[in-house]
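Each number in the working numbering corresponds to the 1-based position in the sequence shown with 273 added. Report on one structure; see the data block that follows.
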Amino acid sequence: MLTKKGKYGLKAAVFLAHQPEGKALQVAEIADANHIPKKFLDVILGEMRHAGFLLSRKGKSGGYRLARGADQINVGALIRALDGPLAPLPCVGSTDYQPCPDCDGPNCTIRLLMAKAYAAIREVMDDCSLADLRDISGDRLQAFVDYI
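See below:
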């Protein structure tokens with residue numbers, strides 16, 4: 274499940290993707306425009322900067338901006354940086370695999386179902402960039418809704 278941290282981080286990143294390239298925005302401006310608590314957003318943007326998705330500049334004309342083009346920032350990677358693995362259960366994760374103590378491994382029907390859900394989540398998240406989210410409008414919005 275997407276946490277509030279992941280959702281707010283994604284909303285802030287899409288908002289920054291709408292800005293002219295190189296334009297930095299202050300945390301308060303991003304928070305106000307997206308209805309995100311400023312203190313929480315401070316922490317989130319710091320994590321996004323540390324993960325290499327954002328650049329920051331201090332001072333009166335400072336703020337945050339995307340570290341690279343919106344078409345080069347993958348939504349799945351951003352969510353993983355903020356929320357951790359996309360896998361709904363540890364026993365289906367590809368990087369943080371942990372067997373369930375009550376599971377019978379490859380024959381567990383719950384694990385098989387969650388593995389299918391995980392594959393779908395990865396396909397959608399990893400096939401989407403910030404530019405894709407930024408550019409959704411009109412007919413593209415309907416096509417996106419139909420896709421999901």
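Beta carbons are placed, not taken as given, at the ideal position from N, Cα and C, and that holds for glycine.
Practice problem: Report the residue from I317, H308, K280, L327 whose alpha carbon sits nearest the alpha carbon of K296. | Solution: L327
Quiz item: Taking contact to mean at least 3 C-beta pairs separated by less than 8 Å, is the stretch 289-306 in contact with the stretch 392-412?
Solution: yes
Exercise. Return yes when at least one heavy atom of the ligand ZN lies under 8 Å from the C-beta of L314, else no.
Key: In the structure shown, the ligand ZN is absent, as is every other ligand, since no ligand is present at all.
Quiz item: In three-state terms, what does DSSP make of G336?
Solution: strand
Exercise. Determine the extent of the beta strand (DSSP E) in which L327 is found, giving its start and end residues.
Key: 327-330
Quiz item: In three-state terms, what does DSSP make of L298?
Solution: strand
Quiz item: With burial defined as no fewer than 16 other Cβ atoms inside 10 Å of the residue's Cβ, what is the status of S402: buried or exposed?
Solution: buried
Quiz item: Any idea which residues DSSP pairs S402 with across the strands?
Solution: N347
Quiz prompt | Proximity to P379 [Cα-Cα], best of T368, C364, A392, G279 | solution = C364
Quiz item: Cβ of M359 within 9 Å of Cβ of R395?
Solution: Residue identity check: residue 359 is Leu in the sequence provided, not Met. Result yes, Cβ atoms of L359 and R395 sit closer than 9 Å.
Self-check item: Per-residue DSSP class, three states only, for D356
Solution: helix
Quiz item: Between I309 and K333, which are expected to be in contact by the criterion C-beta below 8 Å, what is the C-beta distance as a whole number of angstroms?
Solution: Contact flag wrong, Cβ pair sits at about 22 Å.
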